[in-house]
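Residue numbers (the working numbering), protein chains in the order written: chain W, 4 to 125; chain U, 1487 to 1907.
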């Protein structure tokens, strides 16, 4: 139970940080760095570029059929969605399995890669 | 994911570089990857490595059009047109720079792919993804000619799938379709049962007193409770499954003229339409190249998909002994992406990342009625190991079944679009 509580607390903290980042209330830049960082180490976008191939097996830009698009997704929203799938707040079984298979390093790497895609769009 | 834009930029950059430097010198410097087999696994690894750049990629394939086996049951149920299963290599050539070598490869090894006409293609590293072949020798009265002309297995898309649909449509009123399922391991574990579902779906509209009988060498099958729930609800009394306890666990013979099959218990089942799906092996070239050793499937390193028997040759998709993963299009795509980054790390200065593996199998049981099973996997000790799985639940509501069906189609369009454009 101790481990579970720790995990839940960490998830809550991360969710709060991300919510603030999404809200853009003054501390946006520092909070966004938190989204893209694990223990002070930035996520590796090159690793993210490899990892995202797992996403693109099902997700396309125009969101064909029953799978929504993730093209241009905000890194903070991505992190929050993964937390919500991992803790069961969001229920799709495929995505729950995906989210639970991603560690902090993988989440930061993917967030960093999504950030590079956003920069290209801006 | 705007991969297409990124790839276009990469291509544009490559084109720019080619005008600055003598192109034949630049090309000669690139290491050569040759991929044999343009199915889902082979095509994925070819386009992924080519798009990354720094490697000269040639894809050897005998057919100009690839028909997916996955979702071919939807054609049997009149849910999809046959053409919707078709994909070609034009986008892969133009978008990713994959070179196509059209023809039949006979063997791979010692740095060269030998074609059936005797020509050779040199490689620095090779990927072999030939899919499956069939153990015709196990059954009296059944061979490739019988399958092509009278009793289709239809377990690769193509003429046999068309023939099976025609036989279904021409069947007498109240007739019986017999599907003889294969023993483990085989391509697409839910495939025979989705096929029974889609045939029943078509029959329920067009020949409602007909029956679908599944004879199985196995004592249980993929998503069994979910399929049975769907059959009872959607096609009551139409679909019957006979398990290994009653078939003796194997089949002995097929009589193509009588359209009958003899079980290991020497019981004869007669059909109006017989779909006999034989036991399977890796595709012929994997066997002929010594990649399968004494077994039916190619033994590979679980992290890189490199053969444990022939160095420098990777085997992926249905043809490899893929540990806990099922043989599926999704699995082949996942293995190909892990293999691509291992190949890039071996052939260029790119870094290698920990391989990741995933599978999901969606099956359509009826109109807007989907079920799914899937899992995460990792490169374990000597094999790909399952880490966590999930499966649809018995008793799900209509909305969930409809969402699952739509999700499966979304996956098909996304994955085939990513590979073939």
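Note that beta-carbon positions come from the ideal geometry of N, C-alpha and C, so glycine has one too. The structure displayed is predicted, hence computed values, not measured ones.
Within its chain, find whatever has a CB closer than 7 Å to the CB of residue 1715 (chain U); leave out the 5 residues flanking it on each side and keep chain order.
Hits under 7 Å: 1880.
Could you tell me the alpha carbon to alpha carbon distance between residue 1729 (chain U) and residue 1815 (chain U), rounded to whole angstroms?
For residue 1729 (chain U) and residue 1815 (chain U), the distance between alpha carbons rounds to 26 Å.
Do you know how far the Cα of residue 1543 (chain U) is from the Cα of residue 1494 (chain U)?
At residue 1494 (chain U), the pLDDT of 40 sits below 50, so the modelled position is not reliable; the number obtained from the coordinates is stated separately. Each residue's Cα considered, the two are about 17 Å apart.
Provide the residue span of the alpha helix (DSSP H) that contains residue 1861 (chain U), from first to last.
Taken as a continuous stretch (DSSP letters only), residue 1861 (chain U) belongs to no alpha helix (DSSP H), being part of the beta strand (DSSP E) at 1855-1865.
Can you name the residues of chain U whose CB is closer than 8 Å to the CB of residue 79 (chain W)?
Chain U residues near residue 79 (chain W): none, gap ~18 Å exceeds 8 Å.
Restricting to runs no shorter than 4 residues, where is the alpha helix (DSSP H) found entirely within the region 1732-1788 of chain U?
If we require 4 residues or more, the alpha helix (DSSP H) runs fully inside the region 1732-1788 of chain U come out as 1770-1774.
Check whether the region 1755-1762 of chain U touches the region 1786-1803 of chain U, taking contact to mean three or more Cβ pairs, one atom from each stretch, closer than 8 Å.
They do not touch, by the three-pair rule.
Determine the DSSP secondary structure at residue 1566 (chain U), reduced to helix, strand or coil.
Note: residue 1566 (chain U) maps to coil in three-state DSSP.
Using beta-carbon positions only, say whether residue 1570 (chain U) and residue 1907 (chain U) come within less than 8 Å of one another.
Cβ distance not < 8 Å, so residue 1570 (chain U) and residue 1907 (chain U) don't count as in contact.
Using only alpha-carbon positions, find the residue among U:1679, U:1555, U:1576 and U:1575 that is nearest to residue 1566 (chain U).
For the residues U:1679, U:1555, U:1576 and U:1575, the minimum Cα distance to residue 1566 (chain U) belongs to U:1555.
Indicate the three-state DSSP secondary structure (helix, strand or coil) for residue 48 (chain W) in the structure shown.
Looking at residue 48 (chain W) - three-state DSSP - the assignment turns out to be helix.
Rounded to a whole number of angstroms, what is the C-alpha to C-alpha distance between residue 1842 (chain U) and residue 1607 (chain U)?
If I take the Cα positions, the gap works out to 31 Å.
Apply the 10 Å Cβ neighbour rule to residue 1817 (chain U) and answer buried if 16 or more other Cβ atoms are within range, or exposed otherwise.
Per the 10 Å Cβ criterion, buried.
Could you tell me the distance, in whole angstroms, from the CA atom of residue 1536 (chain U) to the CA atom of residue 53 (chain W)?
The alpha-carbon atoms of residue 1536 (chain U) and residue 53 (chain W) are separated by roughly 14 Å.
Helix, strand or coil, according to DSSP, for residue 1541 (chain U) in the structure here?
Three-state result, residue 1541 (chain U): coil.
When you compare each of U:1614, U:1592 and U:1785 to residue 1525 (chain U) by their alpha carbons, which one comes out closest?
Comparing Cα positions, the closest option is U:1614.
Can you name the residues of chain W whose CB is closer than 7 Å to the CB of residue 1823 (chain U)?
By Cβ distance, chain W contributes 56.
Under three-state DSSP, which class holds residue 1586 (chain U)?
If DSSP states are grouped into helix, strand and coil, residue 1586 (chain U) belongs with the strands.
Beta carbon of residue 1667 (chain U), beta carbon of residue 1646 (chain U): below 8 Å?
Their beta carbons are not under 8 Å apart, which means residue 1667 (chain U) does not touch residue 1646 (chain U) by this criterion.
Between residue 1557 (chain U) and residue 79 (chain W), what straight-line distance do the alpha-carbon atoms span, to the nearest angstrom?
Distance between the alpha carbons of residue 1557 (chain U) and residue 79 (chain W) is about 36 Å.
Looking only at its chain, what residues have a beta carbon closer than 6 Å to the beta carbon of residue 1563 (chain U), apart from the 5 residues adjacent to it on each side?
Here the set comprises 1684, 1687 and 1688.
In chain U, which residues lie less than 8 Å from residue 88 (chain W) when you measure between Cβ atoms?
Result: empty, since nearest Cβ-Cβ is about 12 Å, beyond 8 Å.
Between which residues of its own chain and residue 1592 (chain U) is the CB-CB distance below 6 Å, once the five residues before and five after are set aside?
The answer, listed in chain order, is 1600 and 1602.
Quick one: Cα of residue 132 (chain W) to Cα of residue 105 (chain W), how far?
This structure does not reach residue 132 (chain W), given that chain W is present from 4 up to 125, and the question cannot be answered.
Going by C-alpha distance, which of U:1839, U:1890, U:1873 and U:1655 is nearest residue 1858 (chain U)?
Nearest option by C-alpha distance: U:1890.
Does the beta carbon of residue 1803 (chain U) sit closer than 8 Å to a beta carbon anywhere in chain W?
Answer no: the Cβ-Cβ gap between residue 1803 (chain U) and chain W never drops below 8 Å.
What is the rounded straight-line gap between the Cα of residue 1674 (chain U) and the Cα of residue 1812 (chain U)?
For residue 1674 (chain U) and residue 1812 (chain U), the distance between alpha carbons rounds to 7 Å.
Run through DSSP, which three-state label would residue 1802 (chain U) get?
Residue 1802 (chain U) falls in the coil class under three-state DSSP.
Give me, in chain order, the residues of the same chain whose beta-carbon lies closer than 6 Å to that of residue 1572 (chain U); leave out the 5 immediate sequence neighbours on both sides.
Contacts found: 1551 and 1553.
Candidates W:123, W:115, W:125 and W:84: which alpha carbon is nearest residue 49 (chain W)'s?
The residue with the shortest Cα to Cα distance from residue 49 (chain W) is W:115.
What residues in the region 1550-1570 of chain U bring their beta carbon closer than 7 Å to a beta carbon of chain W?
If the cut-off is 7 Å between Cβ atoms, the region 1550-1570 of chain U has nothing near chain W.
I need the boundaries of the alpha helix (DSSP H) containing residue 1684 (chain U), first residue and last residue.
Its alpha helix (DSSP H) spans residues 1677-1692.
By DSSP, does residue 1713 (chain U) sit in helix, in strand, or in coil?
Residue state, collapsed to three classes: helix.
Let's see if you can read the secondary structure: which residues bound the beta strand (DSSP E) around residue 1873 (chain U)?
Element bounds for residue 1873 (chain U): 1870-1877.
Can you have a look at residue 1678 (chain U) and say buried or exposed, based on whether 16 or more other CB atoms are within 10 angstroms of its CB?
Answer is buried; the Cβ neighbour count reaches 16.
Quick one: is residue 1874 (chain U) near chain W, going by C-beta distance under 8 Å?
Yes, because at least one Cβ of chain W sits closer than 8 Å to the Cβ of residue 1874 (chain U).
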